[in-house]
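**Q** For the sequence shown, position 208 (counting from the first letter as 1) is numbered 446 according to the working numbering, and the numbering increases by one without interruption.
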Amino acid sequence: MPEVSDEAGGRRAVPAAAAKPKPPSRVRMSAAQRREQLIAIGRQLFAERGFDATSIEEVAARAKVSKPVVYEHFGGKEGLYAVVVDREVRALLDRITTALTAGHPRELLEQAAMALLGYIEEETSGFRVLVRESPLMSGTATFSSVMNDVAHQVEHILGAEFKSRGYDPKLAELYSQALVGMVALTGRWWLEVRKPRKETVAAHLVNMAWNGLSHLEAKPTLITARRR
239 MPEVSDEAGG
249 RRAVPAAAAK
259 PKPPSRVRMS
269 AAQRREQLIA
279 IGRQLFAERG
289 FDATSIEEVA
299 ARAKVSKPVV
309 YEHFGGKEGL
319 YAVVVDREVR
329 ALLDRITTAL
339 TAGHPRELLE
349 QAAMALLGYI
359 EEETSGFRVL
369 VRESPLMSGT
379 ATFSSVMNDV
389 AHQVEHILGA
399 EFKSRGYDPK
409 LAELYSQALV
419 GMVALTGRWW
429 LEVRKPRKET
439 VAAHLVNMAW
449 NGLSHLEAKP
459 TLITARRR
């Protein structure tokens with residue numbers, strides 16, 4: 239231990255400078271973990287800004303990696319976007335498909351409406367990604383394609399219902415698109431306003447749809463056409 243002179247001319251020991259603590263070492267992510275991190279960051283950025291306004295530079299900066307790391311995993315922004323969209327499509331479709339368990343058509347409408355509104359409430363970023371349809375990715379699965387898949391399921395239900403009531407089952411496709419479109423567009427509106435509660439929104443959607451369906455005319459015509 240080094241010594242120094244004190245005021246009385248003596249010597250005293252001076253403790254050696256404490257060693258500086260080493261900074262904690264960063265835990266290196268596995269390739270799978272890094273991929274999941276980049277997907278999560280991409281999902282958030284695409285939700286906030288859309289495809290065009292999001293850059294690979296920002297994805298890399300948020301992940302604290304270099305741009306080549308992002309390219310290595312996805313080949314570019316288009317590849318990352320496609321993965322994010324595909325995951326959201328599957329998540330939403332699985333949620334709606336799983337919810338459709340009832341036997342009565344009105345209950346099925348309720349379940350479908352609640353499943354979509356629940357997804358919007360709980361997975362807001364994912365829903366924003368889906369409704370921000372990118373022209374670049376128009377050939378891939380999007381919100382519209384998910385709703386088409388749901389409409390096809392509803393079509394089978396309505397087809398059987400129409401047949402049992404004496405309506406033309408060929409029109410089931412038209413009505414299924416109308417019903418699903420009504421719920422989907424209302425969901426996009428509710429995404430921003432978030433009121434009333436999703437249960438209330440679902441109840442009103444089903445009220446309009448079901449009470450309209452329960453009083454269908456077998457061969458409807460336009461009032462204006464009747465006056466001619």
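We put the beta carbon where it would ideally sit given N, CA and C, even for glycine.
On the CB-based measure, 16 or more other CB atoms within 10 Å of its CB, does T462 come out buried or exposed?
**A** Answer is exposed; the Cβ neighbour count stays below 16.
**Q** Considering only the alpha carbon of each residue, which of R300, E359, R344 lies closest to E399?
**A** The residue with the shortest Cα to Cα distance from E399 is R344.
**Q** Can you list, in chain order, the residues of its chain with a C-beta nearer than 8 Å to that of K305? Leave out the 5 residues immediately preceding and following it.
**A** If we look at K305 and ignore the five residues flanking it on each side, its Cβ neighbours are I294, E295, A298.
**Q** Between L396 and the ligand GTP, is the CB less than 7 Å from at least one heavy atom?
**A** As for the ligand GTP, it is missing from this structure, which has no ligand bound.
**Q** Rank E326, Y413, H453 by C-alpha distance to the C-alpha of I395 and give the top, closest one.
**A** The shortest C-alpha separation from I395 is found at Y413.
**Q** Give me the residue from A410, A301, L347, E455 with the minimum Cα distance to R272.
**A** It is A301.
**Q** Taking the straight line between their C-alpha atoms, what separation do you get for A350 and A337?
**A** A350 and A337: Cα-Cα distance of roughly 7 Å.
**Q** Between the segment 403-420 and the segment 312-323, do at least 3 Cβ pairs fall closer than 8 Å?
**A** No, the segment 403-420 is not in contact with the segment 312-323.
**Q** Would you say S363 and R266 are within 8 Å of each other, going by their C-beta atoms?
**A** Cβ distance not < 8 Å, so S363 and R266 don't count as in contact.
**Q** Check whether the segment 437-453 and the segment 322-342 are in contact - that is, three or more C-beta pairs closer than 8 Å.
**A** The segment 437-453 vs the segment 322-342: no contact.
**Q** How about the segment 350-360 and the segment 429-437: do they share at least three Cβ pairs that are nearer than 8 Å?
**A** Yes, since at least three Cβ pairs between the segment 350-360 and the segment 429-437 fall closer than 8 Å, the two stretches touch.
**Q** Does the beta-carbon of W427 have 16 or more other beta-carbons within 10 angstroms, so that it is buried, or is it exposed?
**A** With fewer than 16 other Cβ atoms within 10 Å, it is exposed.
**Q** Does DSSP put E345 in a helix, in a strand, or in coil?
**A** In this structure, E345 counts as helix in the three-state DSSP scheme.
**Q** Just the C-alpha distance for Y309 and E430, rounded to the nearest angstrom, thanks.
**A** Cα-Cα distance, rounded: 34 Å.
**Q** Enumerate in chain order the residues of its own chain whose CB-to-CB distance from D332 is below 7 Å, with the five nearest sequence positions on each side excluded.
**A** Result list for D332: empty, nothing under 7 Å.
**Q** Would A440 and E360 be called neighbours here (beta carbons separated by less than 8 Å)?
**A** Contact flag unset, no.
**Q** Give, in chain order, every unbroken run of the beta strand (DSSP E) that is at least 3 residues long and sits entirely within the segment 253-339.
**A** The qualifying runs do not exist here; there are none.
**Q** Where do the ends of the alpha helix (DSSP H) carrying K401 lie?
**A** From DSSP, the alpha helix (DSSP H) with K401 extends over 381-403.
**Q** Per DSSP, what kind of secondary structure is S414 in: helix, strand or coil?
**A** Note: S414 maps to helix in three-state DSSP.
**Q** I'd like to know whether the C-beta atoms of E326 and L276 end up nearer to each other than 8 Å.
**A** In this structure, L276 does not lie closer than 8 Å to E326 by Cβ.
**Q** Whole angstroms are fine: how far does the CA of S383 sit from the CA of Y405?
**A** Computed Cα separation, rounded: 27 Å.
**Q** Measure the C-alpha to C-alpha separation of F365 and A285 and round it to an integer number of angstroms.
**A** Distance between the alpha carbons of F365 and A285 is about 8 Å.
**Q** Short of 7 Å in beta carbon distance, which residues of its chain neighbour I334, apart from the five on each side in sequence? Order them along the chain.
**A** So the qualifying residues of the chain are A350, A353, L354, V388.
**Q** What are the boundary residues of the alpha helix (DSSP H) that S363 is part of?
**A** Residues 362-369.
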